[in-house]
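Using this note's numbering, the first residue of the sequence shown is number 404, and each one after it goes up by one.
Don't be surprised by glycine CBs; every beta carbon is placed ideally from N, CA and C.
Being a predicted model, the structure only gives us computed values, none of them experimental.
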Amino acid sequence: MLLTVPWHWDLAFVWVLAAALIVLSQVWSTRDKWVGVGLPLASCAVAMALWNGEAKFIDRYIQESLPATGVIGLGLACLATFLYLYPRALRSALAGARPVGADQPGARGSSLGKRSE
């Protein structure tokens, strides 16, 4: 999601909204929720730990490392999460678009059981 907006706008809060939607959704499985929320959080924490700046106190460390490296880690993890979750969402959407019983021979809407006339 962070790839949809320019990074210089400091719109990392968009991820928080998306994470809330994923966690509260009843569509995604538990594993998908962990990937969708846990992977970006872990990646952001690792990227912040790799920051090589100077800060004496933890609050300054968080304030300086988050925009410097944490948002980049969050963005890369969001891309990986997108690549993992998009095919699942697409499959689910396509399965929901088919008429009920369309995959059964002889059912209405199915071309498998129809005779050519």
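- Beyond the five residues adjoining it in sequence on each side, Trp454 comes within less than 6 Å, by CB distance, of Ser468, Ala471, Thr472 in the same chain, given in chain order.
- For Ala483, the enclosing alpha helix (DSSP H) begins and ends at 474-500.
- Of the other Cβ atoms in all chains shown, fewer than 16 fall within 10 Å of the Cβ of Val449; this residue is therefore exposed.
- The C-alpha of Val426 is placed about 15 Å away from the C-alpha of Cys481.
- In this structure, DSSP gives Phe416 a helical state, which the three-state scheme calls helix.
- Under the three-state reduction of DSSP output, Gly456 falls in the coil class, being neither helix nor strand.
- Between Gly476 and the set Val438, Val419, Leu442, Trp431, the nearest pair of CA atoms involves Leu442.
- The beta carbons of Val438 and Leu488 sit closer together than 8 Å.
- In the three-state scheme derived from DSSP, where H, G and I count as helix and E and B as strand, Val440 is classed as helix.
- Residue state for Val430 is assigned as coil, using DSSP reduced to three classes.
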